Each structure stands twice: as structure tokens, then as C-alpha cells.
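Structure first, then comments.
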Ligand SMILES: Nc1ncnc2c1ncn2[C@@H]1O[C@H](COP(=O)(O)OP(=O)(O)OP(=O)(O)O)[C@@H](O)[C@H]1O
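Residue numbers (this note's numbering): 4 to 286.
And the structure:
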């Protein structure tokens with residue numbers, strides 16, 4: 004197995020990145036980004052815009068064309084980088100966190116004893132009960148333990164694909180504040196794909212707007228906020244901006260299905276096909 008390379012400065016540079024899936028369909032097209040060390044970037048875009056695809060390429064889980072991605076100056080796929088943490092769907096689906104196992108054992112299994120202060124801070128911030136047994140916790144409680152496990156080792160680049168959906172508002176807010184503090188107190192960078200914008204307006208330093216595999220716009224958050232009318236409150240500025248982007252994207256893409264044909268299909272098999280028509284008639 005190739006030895007992991009430690010990255011120095013956690014910047015992210017992407018240029019001319021185009022990517023096709025195995026079936027030949029387009030994944031990303033000509034992506035260009037430059038995210039400096041210490042930045043906190045929100046990846047914004049409708050479902051299917053390409054956010055996960057980009058994060059997986061940045062994490063080195065997928066092979067990008069040569070010289071298109073540099074994380075800390077290195078190719079994440081070739082150099083199997085140490086300090087790059089990707090928390091996405093695979094992480095969430097990990098079966099071990101559903102077995103009859105206790106929290107201290109789980110945290111120890113990912114190196115908790117090597118970082119006792121960090122472990123205790125995360126347990127505190129995420130309000131984790133060390134007496135929980137993982138087969139008998141709620142989805143949100145399980146997610147908090149997973150986040151503590153994933154964040155325990157002091158990463159330099161954190162790639163986060165929305166896995167905070169199960170968290171209650173206070174846990175999520177504490178978690179986001181923790182991430183912000185991390186970037187302010189040590190040399191690290193975060194890219195976070197999310198649809199949930201509550202309490203996030205003050206969080207990002209950069210925004211990336213993706214649409215159909217392309218980056219439509221990216222840059223410092225202030226430059227985007229300047230486009231939103233001033234009368235909109237500071238807190239909802241991000242929401243207003245994203246809503247505007249998503250509406251434009253939907254208009255540009257058009258409806259997914261041709262409405263005329265769809266209507267015919269529904270008429271032919273539609274409600275009647277489920278037996279509801281006859282139920283109606285009986286009533
Ligand atoms: N393995 C694959 N093969 C072919 N197409 C794929 C594959 N994985 C994803 N896609 C397609 O690529 C597009 C981008 O998917 P991706 O998961 O990156 O979107 P996303 O922005 O993360 O969406 P969401 O917000 O729903 O998570 C989608 O249209 C999806 O159907």
C-alpha cells in the first residue's frame with residue numbers, strides 16, 4: 004500500500020477539471036476553483052448539481068485527470084493524503100455504528116485515546132452520553148457519535164457532504180461553531196455541501212454555486228452578499244441568495260420531463276392503475 008503523504012498548507016486548487024462517470028455520462032465540466040488555507044466554503048446547488056461528485060474527487064476517492072486537482076499542492080488520488088477527511092454517505096452507512104457497542108470503544112477505535120482533549124471536547128459539544136449503546140440510540144444521537152468519530156483526528160482538510168440532517172438545531176449550531184473555531188485556531192480548511200442554511204449566514208468565507216456539473220460562480224461570500232438587497236436581514240441573506248440561484252438554475256434547465264407526454268402516461272395507467280378509480284366509483 005502506498006504510504007500516505009502529509010500535506011502542508013491545506014489549500015485547494017482545481018483547474019480544467021472535467022469528469023465523466025463510468026457509464027460515459029458527464030459528471031463535471033471544466034471546474035475551476037481556488038480555496039485558500041483557513042477558508043470555509045459552502046457548496047451550493049440543486050439536487051444533482053455535482054456537489055458530491057466534486058467532493059469525492061477532492062478527497063481522492065475518485066480519479067481525476069492529471070494536474071486538475073491539488074490539495075495542499077498534492078494530487079489527492081495519487082498521493083493518498085494524510086489529513087484529508089471526507090465525511091459523506093459511505094461514512095453514514097457504516098454498519099458498525101448500529102451494533103451493540105459502547106461509545107468509548109468506538110471513539111477509541113478511531114484514535115480517541117491519542118487525542119483525549121479533542122475527544123472530550125467533541126463529546127461535550129455534540130452532547131454525547133458515554134453510556135449510550137449504539138444499537139439503542141436515535142438517528143440523531145447516532146449521527147453525533149459518528150461526527151465525533153470522524154472529526155477526532157485533527158484533519159487539515161475537511162470535506163463534508165451533508166450529514167448533519169439528523170441533528171437538532173442546537174447540536175448543529177454547536178457543531179458548526181466548533182468547525183468555525185477549528186479554522187480560526189489552527190491551519191485547516193473546510194468544504195461543506197449542504198441544503199440546510201439555518202444559522203449559516205455568518206459561517207462561510209467562500210461560496211461555490213454549482214449547476215449541472217459546472218461551477219457557475221465562486222468567490223468570497225461578501226461579493227455575493229453585495230448582490231442581495233440591503234433591506235433583507237443579515238440572517239436571511241444567504242437563504243435569499245440561494246433561493247435566487249436555485250430558481251435561476253431551474254429556469255435554465257427547464258422541467259425534467261415533457262409535461263405533455265407525462266400527462267398521457269398518467270392518463271393511461273395512472274391513478275386507475277392503482278385501483279383508486281374503482282374505489283372512487285364505489286364511493
Ligand atoms: N455513478 C454515477 N454514474 C452516472 N451518473 C451519476 C453517478 N453518480 C451521480 N451521477 C449523476 O451525476 C449528477 C450529480 O450527482 P451528485 O451526487 O454529484 O449531485 P449532488 O449535487 O451531490 O446532489 P444532492 O444535492 O442530491 O446530493 C446527478 O445527475 C447524478 O444522477
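Here a beta-carbon is modelled for each residue, glycine too, at the ideal position from N, C-alpha and C.
Remember, predicted model here, so these are calculated numbers, not experimental data.
Residue i (DSSP reduced to helix, strand or coil)
i: residue 216; result: coil
i: residue 21; result: strand
i: residue 136; result: strand
i: residue 265; result: Confidence at residue 265 is low in this model, with a pLDDT of 49, below 50, so the placement of that residue should be treated as unreliable; the coordinate-derived value is given next. The answer is helix: DSSP assigns residue 265 an H, G or I state.
i: residue 130; result: coil
i: residue 103; result: coil
i: residue 222; result: strand
i: residue 155; result: coil
i: residue 31; result: strand
i: residue 200; result: coil
i: residue 231; result: coil
i: residue 95; result: helix
i: residue 141; result: coil
Buried versus exposed, by CB contacts within 10 Å (16 or more), residue i
i: residue 82; result: buried
i: residue 178; result: buried
i: residue 23; result: exposed
i: residue 185; result: buried
i: residue 265; result: At residue 265 the pLDDT is 49, less than 50, meaning the model places this residue with poor confidence; the figure from the coordinates comes in the next sentence. Exposed, by the Cβ-count rule.
i: residue 174; result: buried
i: residue 135; result: buried
Presumed contact (8 Å Cβ cut-off) between residue i and residue j, rounded CB distance
i: residue 131; j: residue 148; result: 6 Å
i: residue 7; j: residue 85; result: 4 Å
i: residue 154; j: residue 195; result: Not quite, the Cβ-Cβ distance comes to about 13 Å (not below 8 Å), so this is no contact.
Bridge partner(s) assigned by DSSP for residue i
i: residue 16; result: 37, 73
i: residue 43; result: 193
i: residue 251; result: DSSP output for residue 251 lists no bridge partner at all.
i: residue 8; result: 84
i: residue 209; result: 44, 223
i: residue 89; result: 162
With three or more C-beta pairs closer than 8 Å as the rule, is the region 180-197 touching the region 220-231?
no
Would you be able to state if there are at least three C-beta pairs under 8 Å between the region 93-108 and the region 66-77?
no
Tell me, please, whether the region 197-215 touches the region 38-45 by the rule of three or more beta-carbon pairs shorter than 8 Å.
Yes, they touch.
The region 16-33 in contact with the region 69-78 per 3-pair CB rule at 8 Å:
yes
Using 8 Å as the cut-off, can you tell me whether the region 236-248 makes contact with the region 195-204, which would need three or more C-beta pairs spanning the two stretches below that distance?
yes
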